[in-house]
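The opening residue of the sequence shown carries number 1 in the UniProt record's numbering; numbering runs sequentially from there. Each residue gets a CB set at the ideal place from its N, CA and C atoms; glycine is no exception.
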Amino acid sequence: MKLLIVIFLFGSFILVESSHRQNHFGNPCYLCECFVEYTDRDQALASVPYKIALNGYDTTEDQCLATCLRDENCKAAVYAFIGGRDVFACELYDQVNTREPIYTPHSNLYIKRVAKCPKPTSHLLPIELIDGDEKILERKRKYLRLQQKLNPFHHGRK
């Protein structure tokens, strides 16, 4: 009986501890106040990030934004649910184009505010970054092609 109680308490402790870890869905965005947020938007098609997260799957939204805050060259960040093997993407941009954002579901564009962010970021682990490449453009082109297709479930609506 004591063994069952110990196992139950240990299991409950593990469950509580794991629920307070940083994750993609459960925790509200801590650093969003330090950025201007465009929901369901991505940078313009011609924009290529200068840095992307090496392992997007393990990167949280706050880690992505903290990396942008720490980087002098970063003007904007895109955190997106992209599916596929990477699942999530964190992209850093050194230029901002707000005139032609692309509608991209489950993607947020964050533009760094001019004022210094008062929130500490030391508790957020740094992420490993690699140079941006042209494969980001393929993802953006895919969403543009999807927007051009006729949606049979949207027939007759304006």
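Checklist entry - So what's Leu65 in DSSP terms, helix, strand or just coil? => result In the structure shown, Leu65 sits in a helix (DSSP, three-state: H, G or I).
Next on the checklist: So, at 8 Å on beta carbons, what are the nonlocal neighbours of Ser41 in its own chain, with the 5 sequence-adjacent residues on each side left out?
Outcome noted: For the sequence presented, residue 41 should be read as Arg rather than Ser. Exclusion of the five residues before and after Arg41 leaves Pro101, Ile102, Tyr103, Thr104, Ser107, Asn108, Leu109 as the residues of its chain whose Cβ lies within less than 8 Å of its Cβ.
Checklist entry - Looking only at its own chain, which residues have a Cβ that is under 6 Å from the Cβ of Cys74, when we skip the five neighbours before and after it? => result Closer than 6 Å at Cβ, skipping near neighbours: Cys68, Leu92.
Item to check | Closest residue to Tyr79 among Leu65, Leu31, Leu137 (Cα-Cα distance) | outcome: Nearest C-alpha to Tyr79 among Leu65, Leu31, Leu137: Leu65.
Next on the checklist: Going by DSSP in three states, Glu100 sits in which element: helix, strand or coil?
Outcome noted: Glu100 falls in the coil class under three-state DSSP.
Checklist entry - So, is Phe153 buried or exposed, given that buried needs 16 or more other C-beta atoms within 10 angstroms? => result The residue in question, Phe153, is exposed, as its Cβ has fewer than 16 Cβ neighbours within 10 Å.
Next on the checklist: Along the chain, where does the beta strand (DSSP E) containing Phe88 start, and where does it finish?
Outcome noted: Phe88: member of the beta strand (DSSP E) spanning 87-93, first to last residue.
Checklist entry - Where does Leu3 fall in DSSP's three states? => result It is helical.
Checklist entry - Are there 16 or more other CB atoms within 10 angstroms of the CB of Asn23, so buried, or fewer, so exposed? => result Low confidence applies to Asn23: its pLDDT is 49, below 50, so where it sits in the model is not reliable, and the reading given next is rough at best. Per the 10 Å Cβ criterion, exposed.
Item to check | Residue range of the unbroken beta strand (DSSP E) whose run includes Tyr38 | outcome: Unbroken beta strand (DSSP E) run through Tyr38: 35-42.
Checklist entry - With a Cβ-Cβ cutoff of 8 Å, do Thr59 and Ile127 count as a contact? => result By the CB criterion at 8 Å, Thr59 and Ile127 fall inside the cutoff.
Checklist entry - Taking the C-alpha atoms as reference points, what is the distance between Lys142 and Lys2? => result In a straight line, the C-alpha of Lys142 is about 58 Å away from that of Lys2.
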